[in-house]
Amino acid sequence: METSGGKYTYSVCPFGPVKQTEHGRLSVVIGSRAKWLDRGPAVYRLLLDDGDSTNCPASQHRQTTVRISACVNNSSD
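This is the structure we're talking about:
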């Protein structure tokens with residue numbers, strides 16, 4: 047999945063790296079190791095940690111939380 051926000055584009059792979067790209071520049075990995083925080087029934091939260099630590103305070107690794115919503119209504123209307 048990809049989404050843009052301001053000057054950045056985010057590329058999200060739920061079980062692979064999450065990347066932040068400033069238009070026309072190199073990508074930065076902002077999360078890569080997946081761990082479930084919450085699982086359903088309608089909302090899932092996935093933490094991707096162990097991202098790049100370049101330019102972060104105290105060399106902390108970046109991390110990203112992905113929230114996934116699912117429809118719980120199963121109708122055939």
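For what it's worth, our numbering labels the leading residue of the sequence shown as 47, then goes sequentially. Even glycine gets a Cβ: it sits at the ideal position worked out from N, Cα and C.
- The segment 81 to 91 makes no contact with the segment 102 to 110: fewer than 3 CB pairs, one atom from each, lie closer than 8 Å.
- Annotation: the continuous beta strand (DSSP E) that includes G51 extends over 48 to 51.
- In chain order, T55, Y56, V58 place their CB closer than 8 Å to the CB of T49, counting only its own chain and leaving out the 5 sequence neighbours on each side.
- In this chain, D98 is not harboured by any beta strand (DSSP E), its DSSP state being neither H nor E.
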